[in-house]
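Visitor: Quick one: the structure is below, and I'll ask about it shortly.
There are 2 protein chains.
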Amino acid sequence: MPQISYEIIAECPDTRARVGLLHTPHGSIETPVFMPVGTQATVKGLTQRDLAEDIGVPILLANTYHLYLRPGHELIRKLGGLHKFMSWPNAILTDSGGFQVFSLSGLRKIEEEGVLFHSHLNGDAHTFTPQSIVDVQLAYGSDIQMVLDECPEYPVSHEYARQSMLRTVRWAKQANDHFRMRIADSPTRHALFPIVQGSMYPDLRKECARALLDLDTDGYAIGGLSVGEPRPLSLEAVEATEDILPRSKPRYAMGVGMPAELPEYVARGIDMMDCVLPSRNARNGYLFTSEGRVIIKHARYREDEGPVDPNCSCYTCLNYSRAYLRHLFQGKEILYSVLATRHNVQRYLDIMREIRHAIKLGSFLEYLKCARSIAAEAEARAEV
Amino acid sequence: MPQISYEIIAECPDTRARVGLLHTPHGSIETPVFMPVGTQATVKGLTQRDLAEDIGVPILLANTYHLYLRPGHELIRKLGGLHKFMSWPNAILTDSGGFQVFSLSGLRKIEEEGVLFHSHLNGDAHTFTPQSIVDVQLAYGSDIQMVLDECPEYPVSHEYARQSMLRTVRWAKQANDHFRMRIADSPTRHALFPIVQGSMYPDLRKECARALLDLDTDGYAIGGLSVGEPRPLSLEAVEATEDILPRSKPRYAMGVGMPAELPEYVARGIDMMDCVLPSRNARNGYLFTSEGRVIIKHARYREDEGPVDPNCSCYTCLNYSRAYLRHLFQGKEILYSVLATRHNVQRYLDIMREIRHAIKLGSFLEYLKCARSIAAEAEARAEV
Numbered sequence: 071m072p073q074i075s076y077e078i079i080a081e082c083p084d085t086r087a088r089v090g091l092l093h094t095p096h097g098s099i100e101t102p103v104f105m106p107v108g109t110q111a112t113v114k115g116l117t118q119r120d121l122a123e124d125i126g127v128p129i130l131l132a133n134t135y136h137l138y139l140r141p142g143h144e145l146i147r148k149l150g151g152l153h154k155f156m157s158w159p160n161a162i163l164t165d166s167g168g169f170q171v172f173s174l175s176g177l178r179k180i181e182e183e184g185v186l187f188h189s190h191l192n193g194d195a196h197t198f199t200p201q202s203i204v205d206v207q208l209a210y211g212s213d214i215q216m217v218l219d220e221c222p223e224y225p226v227s228h229e230y231a232r233q234s235m236l237r238t239v240r241w242a243k244q245a246n247d248h249f250r251m252r253i254a255d256s257p258t259r260h261a262l263f264p265i266v267q268g269s270m271y272p273d274l275r276k277e278c279a280r281a282l283l284d285l286d287t288d289g290y291a292i293g294g295l296s297v298g299e300p301r302p303l304s305l306e307a308v309e310a311t312e313d314i315l316p317r318s319k320p321r322y323a324m325g326v327g328m329p330a331e332l333p334e335y336v337a338r339g340i341d342m343m344d345c346v347l348p349s350r351n352a353r354n355g356y357l358f359t360s361e362g363r364v365i366i367k368h369a370r371y372r373e374d375e376g377p378v379d380p381n382c383s384c385y386t387c388l389n390y391s392r393a394y395l396r397h398l399f400q401g402k403e404i405l406y407s408v409l410a411t412r413h414n415v416q417r418y419l420d421i422m423r424e425i426r427h428a429i430k431l432g433s434f435l436e437y438l439k440c441a442r443s444i445a446a447e448a449e450a451r452a453e454v
Numbered sequence: 071m072p073q074i075s076y077e078i079i080a081e082c083p084d085t086r087a088r089v090g091l092l093h094t095p096h097g098s099i100e101t102p103v104f105m106p107v108g109t110q111a112t113v114k115g116l117t118q119r120d121l122a123e124d125i126g127v128p129i130l131l132a133n134t135y136h137l138y139l140r141p142g143h144e145l146i147r148k149l150g151g152l153h154k155f156m157s158w159p160n161a162i163l164t165d166s167g168g169f170q171v172f173s174l175s176g177l178r179k180i181e182e183e184g185v186l187f188h189s190h191l192n193g194d195a196h197t198f199t200p201q202s203i204v205d206v207q208l209a210y211g212s213d214i215q216m217v218l219d220e221c222p223e224y225p226v227s228h229e230y231a232r233q234s235m236l237r238t239v240r241w242a243k244q245a246n247d248h249f250r251m252r253i254a255d256s257p258t259r260h261a262l263f264p265i266v267q268g269s270m271y272p273d274l275r276k277e278c279a280r281a282l283l284d285l286d287t288d289g290y291a292i293g294g295l296s297v298g299e300p301r302p303l304s305l306e307a308v309e310a311t312e313d314i315l316p317r318s319k320p321r322y323a324m325g326v327g328m329p330a331e332l333p334e335y336v337a338r339g340i341d342m343m344d345c346v347l348p349s350r351n352a353r354n355g356y357l358f359t360s361e362g363r364v365i366i367k368h369a370r371y372r373e374d375e376g377p378v379d380p381n382c383s384c385y386t387c388l389n390y391s392r393a394y395l396r397h398l399f400q401g402k403e404i405l406y407s408v409l410a411t412r413h414n415v416q417r418y419l420d421i422m423r424e425i426r427h428a429i430k431l432g433s434f435l436e437y438l439k440c441a442r443s444i445a446a447e448a449e450a451r452a453e454v
């Protein structure tokens with residue numbers, strides 16, 4: 071019995087793109103959807119009201135690893151789960167912590183039972199197992215949780231990638247068994263997605279996807295992207311499994327991507343994406359606009375009375391000039407991060423809205439071509 | 071002809087407290103009023119919408135010194151003035167830069183014509199004169215501007231304090247003459263307040279206030295407070311001039327104070343105050359509540375599901391727990407500063423609302439006594 075149901079409501083005949091409705095305990099979400107990243111149970115600089123009411127974010131991603139270390143899943147459970155803890159009314163997806171264990175923690179040891187690692191905060195030793203990570207995410211009350219996976223760096227040998235992928239599949243099975251046992255008597259609906267790995271080897275990705283089909287889960291994630299590989303390889307990795315993963319289930323490409331890449335993933339059958347870029351780049355002074363990138367510190371914006379993006383209707387663009395944002399950035403003001411993040415997250419949500427709209431209207435192929443030529447142009451100019 | 075008119079609408083028979091209406095080009099303000107500090111044309115962490123619409127701030131203070139150095143008054147003028155630059159719909163008061171020149175800039179030299187100083191940002195040499203500071207604030211378009219003053223540190227000798235006060239009076243006259251000439255043909259109404267100085271010597275403060283009366287300005291500021299003196303001395307400094315400054319004009323005590331001090335200043339005839347404490351203390355983890363101070367990092371708040379202040383109706387208190395705020399503080403999250411500042415500024419505004427309410431109802435003396443006993447109790451407990 072599916073925990074989180076999914077229905078396709080429009081399809082693009084020329085690509086794999088589709089619009090769907092993902093029904094979660096915290097609302098029905100139109101896909102393709104972009105999930106802002108709330109690592110420590112906060113999207114840096116934005117209030118939950120900004121996100122839910124102003125920007126209209128239907129689902130957030132939070133990081134299992136970070137919240138496990140601080141404040142701890144037991145505290146979050148005690149305080150009523152992650153939604154209540156952070157006062158978030160809409161859906162939450164949590165990752166498995168695999169990516170963070172492999173990217174953030176110094177010492178780590180992978181064993182068949184799980185992964186031993188040291189906290190990046192204080193060096194304390196911890197172990198994640200496929201089962202414990204399900205328990206942690208159930209304590210959070212995540213609407214959609216991920217299985218523990220190994221996320222290999224790039225590049226790795228085919229042999230290493232295969233052994234790692236096979237372990238990820240074994241872990242996924244164990245996680246799924248444990249998850250089904252744990253939720254058997256639970257009144258709350260949660261979904262668990264396994265993660266396709268296999269580094270940048272299409273044959274391994276196909277093998278992995280086929281093996282995961284047996285688990286009959288409510289959706290599938292594609293992991294191991296954005297680990298340093300050239301961008302075309304990320305798209306190829308997604309393409310490798312597009313015919314294998316069941317079209318009736320949502321697919322989530324983890325950790326992608328740049329604005330111009332969003333329609334590319336959608337064209338390859340992806341329904342869900344998350345990325346720190348809109349928020350992190352905002353804080354670093356990089357603003358995404360419908361006309362290309364704005365590097366706000368540049369002197370050319372010193373007297374610029376216009377909004378960050380003349381085509382944007384976010385709170386920032388409706389009320390503040392580039393000159394004011396540049397002034398705040400120069401002064402290292404908190405309000406700079408608040409306003410810049412607000413705009414960048416809105417930009418990502420707007421792109422996803424445009425994409426869904428184009429699919430519904432049957433014009434997605436034109437949209438994709440147009441997005442490609444704008445991206446190429448922007449690349450050439452480098453900046454607005 | 072007054073630029074900014076003021077009318078008293080209620081008075082406390084037992085103290086000097088009164089409720090008034092200050093009519094500015096950007097709205098009529100009920101006094102006594104607290105002005106949050108927006109040093110660099112932003113109250114750190116809060117959007118202008120949070121301030122104007124949610125919290126209901128009718129007037130902000132911005133710092134002449136900081137904005138003169140960056141982005142510069144000419145740029146602000148070019149972009150339509152400070153209100154437009156920072157997208158602020160309500161009134162703005164700017165200080166004279168005197169306090170900052172004396173507290174922030176390293177090298178400085180006081181001469182009869184003005185003060186030479188070096189920027190704390192890059193060491194560049196600048197000069198402020200009584201006239202130039204009027205011009206700078208006219209470029210900002212401040213509703214209420216301050217004259218250049220010398221703000222001596224504490225303690226200084228009576229002789230130094232007297233010479234310095236006399237120079238401040240001479241500067242105030244020059245500033246006022248220049249201001250009247252500059253605004254003679256201006257359609258916009260702006261007010262200029264001179265500043266009472268005299269260190270902690272009541273005789274000098276009285277002499278200063280008497281000398282300033284000749285200028286017939288729209289209001290008076292009391293400066294040289296919060297420069298390191300014991301708190302009772304600040305109140306004495308204000309008391310020294312309460313019978314000299316005309317009761318028909320608003321009086322502004324610069325840079326005060328702690329929550330418990332607000333009614334004390336009001337009882338001494340003060341109508342306007344500003345202070346960085348609500349915003350700075352918020353960022354540092356100190357939250358003001360109706361029940362005393364909350365130091366959010368303390369372990370006792372780890373599992374505390376309650377709001378920062380159960381009697382507060384700010385966005386933070388209505389939506390987030392102490393446990394969540396503590397988590398954000400521990401994680402050095404921007405959202406911590408945003409939510410904490412929002413609460414503390416709201417707390418100050420609420421205190422001022424209570425004070426005005428009590429004066430109107432004729433219960434201000436009881437309010438003051440009650441506030442004193444709560445403050446004494448809180449002092450004894452040190453924390454909620």
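As you go down the protein sequences, you meet chains Z and C in turn.
For reference, each letter of the first sequence is one residue, going 71 to 454 in the numbering used here.
For reference, each letter of the second sequence is one residue, going 71 to 454 in the numbering used here.
Idealized CB from N, CA, C, for every residue including glycine.
Since the model is a prediction, treat every value here as computed from it, not as a measurement.
1) Of the residues H143/C, E306/C, D273/C and Y418/C, which one's Cα is nearest the Cα of N351/C?
2) Roughly how many angstroms separate the alpha carbons of V415/Z and R240/C, rounded to a whole number?
3) Decide if L52/Z is buried, meaning its Cβ has at least 16 other Cβ atoms within 10 Å, or exposed.
4) Which residues of chain Z have a Cβ atom closer than 9 Å to the Cβ of K319/C, listed in chain order?
5) With K148/Z and S407/Z assumed to form a contact (beta carbons below 8 Å), what rounded beta-carbon distance in angstroms separates them?
6) Between the alpha carbons of Q233/Z and G151/Z, how many angstroms are there, rounded?
7) Please confirm if A87/Z has its CB atom under 8 Å from at least one CB of chain C.
8) Put R275/Z into one of helix, strand or coil per three-state DSSP.
9) Following the continuous alpha helix (DSSP H) through Q170/C, name the residue where it begins and the one where it ends.
10) Could you work out which residues of chain C lie near S212/Z, taking near to mean beta carbons separated by less than 8 Å?
11) Closer than 6 Å by C-beta to S14/Z: which residues in its own chain qualify, once you throw out the five before and the five after it? Chain order, please.
12) From the DSSP output, which residues share a beta bridge with H196/C?
13) Under a Cβ-count criterion, where at least 16 other Cβ atoms within 10 Å of its own Cβ denotes burial, should A245/C be classed as buried or exposed?
14) In or out: E436/Z buried (at least 16 other Cβ within 10 Å) or exposed?
15) If the cut is a Cβ gap below 7 Å, which residues of chain Z does K367/C touch?
16) Quick check: P222/C and G294/C, are their CB atoms within less than 8 Å of each other?
17) Helix, strand or coil: which one does DSSP assign to I203/C?
18) Report the option in A323/C, T197/C and T287/C whose CA atom is closest to the CA atom of V297/C.
19) Can you tell me which of the three DSSP states R178/C falls into?
20) Determine the closest residue to S189/Z out of T359/Z, P102/Z, A428/Z and G142/Z, with distance taken between C-alpha atoms.
21) State whether the stretch 169-178 of chain C contacts the stretch 94-105 of chain C, with contact taken as three or more CB pairs (one from each stretch) at a distance under 8 Å.
22) Start and end of the alpha helix (DSSP H) containing I253/C?
23) For chain C, find out if any of its Cβ atoms is closer than 8 Å to the Cβ of H397/Z; answer yes or no.
24) Determine which residues share a DSSP beta bridge with Q215/Z and list them.
25) Sorted by chain position, which residues of the same chain lie with C-beta nearer than 7 Å to V308/C's C-beta, five sequence neighbours on each side aside?
26) What does Y462/C reach in chain Z if we use C-beta pairs closer than 8 Å?
27) Note down the Cα distance separating P272/Z from E306/Z, rounded to an integer number of angstroms.
28) Please decide whether T197/C counts as near chain Z, where near means a Cβ-Cβ distance under 8 Å.
29) Straight-line CA distance for R353/Z to A279/C?
30) Counting Cβ pairs, one atom from each stretch, are 3 or more of them under 8 Å apart for the stretch 377-388 of chain Z and the stretch 125-142 of chain C?
31) Mapping DSSP to helix, strand and coil, what is M342/Z?
32) If you follow the beta strand (DSSP E) that R363/C is part of, which residue opens it and which one closes it?
33) Rounded to the nearest angstrom, how far is the Cβ of G401/C from that of Q110/Z, given a contact under 8 Å?
34) Sort D286/Z, L116/Z, H136/Z and G325/Z by Cα distance to K319/Z and report the nearest one.
35) Within 8 Å (strictly less), CB to CB, does V127/C reach chain Z?
36) Run through chain B and tell me which residues come within less than 9 Å of I78/Z, C-beta to C-beta.
Guide: Judging by the given coordinates:
1) Y418/C
2) 54 Å
3) Only positions 71 to 454 of chain Z appear in the structure, and residue 52/Z is not among them; the question remains open.
4) Ordered by position in chain Z, no residue passes the 9 Å Cβ test against K319/C, which lies about 34 Å from the chain.
5) Taking C-beta atoms under 8 Å as the contact rule, K148/Z and S407/Z fail to qualify, at a distance of about 31 Å.
6) Take the alpha-carbon of Q233/Z and the one of G151/Z: they are about 36 Å apart.
7) Chain C contact via Cβ: absent.
8) helix
9) G168 to S173
10) The premise fails here: S212/Z is roughly 17 Å from chain C at the closest Cβ pair, so nothing lies under 8 Å.
11) There is no way to answer for residue 14/Z, as the model of chain Z reaches only from 71 to 454.
12) DSSP output for H196/C lists F187/C as bridge partner(s).
13) buried
14) It counts as exposed.
15) Those within 7 Å of K367/C in chain Z number zero; the least Cβ separation is about 13 Å.
16) yes
17) helix
18) A323/C
19) strand
20) The option with the nearest alpha carbon to S189/Z is G142/Z.
21) Cβ pair count under 8 Å is below three, so no.
22) H228 to I253
23) Among the CB atoms of chain C, one or more fall inside 8 Å of the CB of H397/Z.
24) T164/Z and L262/Z
25) Within the same chain, V308/C has close Cβ partners I292, A323, Y335, R338 and I340.
26) The structure shown does not extend to residue 462/C, since chain C is modelled only from 71 to 454, so the question has no answer here.
27) 8 Å
28) no
29) Roughly 48 Å separates the two Cα atoms.
30) Touching, no, given that fewer than three Cβ pairs across the two stretches are closer than 8 Å.
31) strand
32) G362 to I365
33) 5 Å
34) D286/Z
35) Chain Z has no Cβ within less than 8 Å of the Cβ of V127/C.
36) Although the question refers to chain B, the structure presented lacks it and instead comprises the protein chains Z and C.
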